[in-house]
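K.L.:
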Amino acid sequence: MLTKKQYELLMFIHERVRETGIPPSFDEMKDALDLKSKSGIHRLITALEERGFIKRLQKRARALEVVKLPENLADTLRPPTSRSQVQRLMHAAGPRSSRGEGARISGDTRSAGSPRRADGEGAASVAVLGRIAAGTPIEALQNKVAEVPVPASMLGRGDHYALEVAGDSMINAGILDGDTVIIQQSDTANTGEIVVALVDQSEATLKRLRRRGDSIALEAANPAYETRLYGADRVRIQGKLVGLIRRY
Numbered sequence: 096m097l098t099k100k101q102y103e104l105l106m107f108i109h110e111r112v113r114e115t116g117i118p119p120s121f122d123e124m125k126d127a128l129d130l131k132s133k134s135g136i137h138r139l140i141t142a143l144e145e146r147g148f149i150k151r152l153q154k155r156a157r158a159l160e161v162v163k164l165p166e167n168l169a170d171t172l173r174p175p176t177s178r179s180q181v182q183r184l185m186h187a188a189g190p191r192s193s194r195g196e197g198a199r200i201s202g203d204t205r206s207a208g209s210p211r212r213a214d215g216e217g218a219a220s221v222a223v224l225g226r227i228a229a230g231t232p233i234e235a236l237q238n239k240v241a242e243v244p245v246p247a248s249m250l251g252r253g254d255h256y257a258l259e260v261a262g263d264s265m266i267n268a269g270i271l272d273g274d275t276v277i278i279q280q281s282d283t284a285n286t287g288e289i290v291v292a293l294v295d296q297s298e299a300t301l302k303r304l305r306r307r308g309d310s311i312a313l314e315a316a317n318p319a320y321e322t323r324l325y326g327a328d329r330v331r332i333q334g335k336l337v338g339l340i341r342r343y
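This is the structure:
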């Protein structure tokens, strides 16, 4: 399964090689996917390489070969919905368009909708949208993969969604690898709250939010991980932690 950004990068490289015979540069890939840094491209290429879609012909980053394409759209989590989106990627390496006000988790978590009542009194079904990193940020996912029953008392007003935790950076906050966290959708949060934060419009992580002047610190709850500091324009709040479900 590919994420939207992985799919877009794969198709961009494929189309560029098909048209020119030369893979795009990292700067071209970064501009095409509208990312702020090339580190996100490095992670996407590594993920595609691990899944067998591309391979590096040499140690030089630009020496890439597309080995295969997804056999069908079901092999992607959020594929581009039209050819125009692929064409947009091909033209994006030119002058960059102005950025919008921000992005949500690979689209819009509001598609999760309101929790619906599950079997039994006092319980509701909440959509599980994928995995969230409690460690080094990973690319965000936005695709309903399952539903989880949640006690109604855990839910507040508004929409909620669930994410499976990957990583151990929040263990001192009682959040373990493999836990399912319940998130209340919100684009604001108070300092000290644990949030889902989208970084550079492409990566999501679960961290404690700290405001430091004009910057935002995403703080781990594990001394093995460093606190990461970002400009406020690089971080979008996607929701606040309201509950946790653990299976033994």
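Residue numbers (the working numbering): 96 to 343. From the three backbone atoms N, C-alpha and C, an ideal C-beta is built for every residue, glycine too.
Quick check: what's the CA-CA separation for valine 260 versus isoleucine 340?
P.N.:
Cα to Cα, valine 260 sits roughly 10 Å from isoleucine 340.
K.L.:
In whole angstroms, give me the CA-to-CA distance for glutamate 145 and aspartate 295.
P.N.:
Taking the straight line joining both Cα atoms gives about 23 Å.
K.L.:
Where does leucine 139 fall in DSSP's three states?
P.N.:
Here leucine 139 sits in helix by DSSP.
K.L.:
Under 8 Å: do the segment 115-135 and the segment 306-315 share three or more Cβ pairs, one atom per stretch?
P.N.:
Contact between the segment 115-135 and the segment 306-315 is absent, because fewer than three Cβ pairs lie under 8 Å.
K.L.:
CA-CA distance, leucine 184 and aspartate 254?
P.N.:
Note that leucine 184 has pLDDT 49, beneath the 50 cutoff, so the model's placement of it is unreliable and no number is given.
K.L.:
Between the C-alpha atoms of lysine 163 and lysine 100, what's the straight-line distance to the nearest angstrom?
P.N.:
Lysine 163 and lysine 100: Cα-Cα distance of roughly 17 Å.
K.L.:
Alpha carbon to alpha carbon, how far is glutamine 279 from glycine 334?
P.N.:
The straight-line gap from Cα to Cα measures roughly 5 Å.
K.L.:
Determine the direct distance from the alpha carbon of alanine 247 to that of lysine 150, and round the result to whole angstroms.
P.N.:
Their Cα atoms are separated by approximately 47 Å.
K.L.:
Is alanine 218 helix, strand or coil when you go by DSSP?
P.N.:
Alanine 218 falls in the strand class under three-state DSSP.
K.L.:
Between the Cα of arginine 303 and those of Ser297, Asp274, Asp309 and Ile266, spot the shortest distance and give me the residue it belongs to.
P.N.:
Comparing Cα positions, the closest option is Ile266.
K.L.:
Leaving out five residues before and five after leucine 324 in sequence, what residues of the same chain have Cβ atoms less than 6 Å from its Cβ?
P.N.:
Closer than 6 Å at Cβ, skipping near neighbours: Ser310 and Ala312.
K.L.:
Would you mind sorting aspartate 328 into buried or exposed? The rule is 16 or more other CB atoms within 10 Å of its CB.
P.N.:
Looking at its Cβ environment, which holds fewer than 16 other Cβ atoms inside 10 Å, aspartate 328 is exposed.
K.L.:
Excluding five sequence neighbours on each side, which residues of the same chain lie with their C-beta closer than 8 Å to the C-beta of methionine 249?
P.N.:
Only Ile277, Val337 and Gly338 meet the Cβ criterion.
K.L.:
Suppose the cutoff is 8 Å on Cβ atoms and the five residues either side in sequence are ignored; what does the same chain contact list for glycine 287 look like?
P.N.:
Closer than 8 Å at Cβ, skipping near neighbours: Arg303, Leu304 and Arg305.
K.L.:
Tell me, please, which residues DSSP counts as bridged to arginine 372.
P.N.:
No answer is possible for residue 372: the residues shown for the chain start at 96 and end at 343.
K.L.:
In angstroms, rounded to a whole number, what distance separates the CA positions of glutamate 97 and alanine 127?
P.N.:
For the sequence presented, residue 97 should be read as leucine rather than glutamate. The alpha-carbon atoms of leucine 97 and alanine 127 are separated by roughly 18 Å.
K.L.:
Against chain D, with Cβ distances strictly below 9 Å, would valine 112 count as a contact?
P.N.:
Of the chains in the structure shown, none is chain D; there is only one protein chain.
K.L.:
Could you check if serine 264 is buried or exposed, using at least 16 other CB atoms within 10 Å of its CB as the buried criterion?
P.N.:
The residue is buried, with at least 16 neighbouring Cβ atoms inside 10 Å.
K.L.:
Which whole runs of the beta strand (DSSP E) in the segment 265-338 are 3 residues long or more, in chain order?
P.N.:
DSSP runs (the beta strand (DSSP E)) wholly in the segment 265-338: 275-280, 289-294, 298-307, 310-314 and 323-326.
K.L.:
Per DSSP, histidine 255 forms a beta bridge with which residues?
P.N.:
Histidine 255 pairs with Gln279.
K.L.:
Once you ignore the five residues that flank arginine 307 on each side, which residues in its own chain have a CB closer than 8 Å to its CB?
P.N.:
Taken in chain order, the residues that qualify are Leu324.
K.L.:
Taking alanine 284 as the reference, which of Tyr320, Leu301 and Leu271 has the closest Cα?
P.N.:
Nearest C-alpha to alanine 284: Leu301.
K.L.:
Apply the 10 Å Cβ neighbour rule to glycine 251 and answer buried if 16 or more other Cβ atoms are within range, or exposed otherwise.
P.N.:
Exposed.
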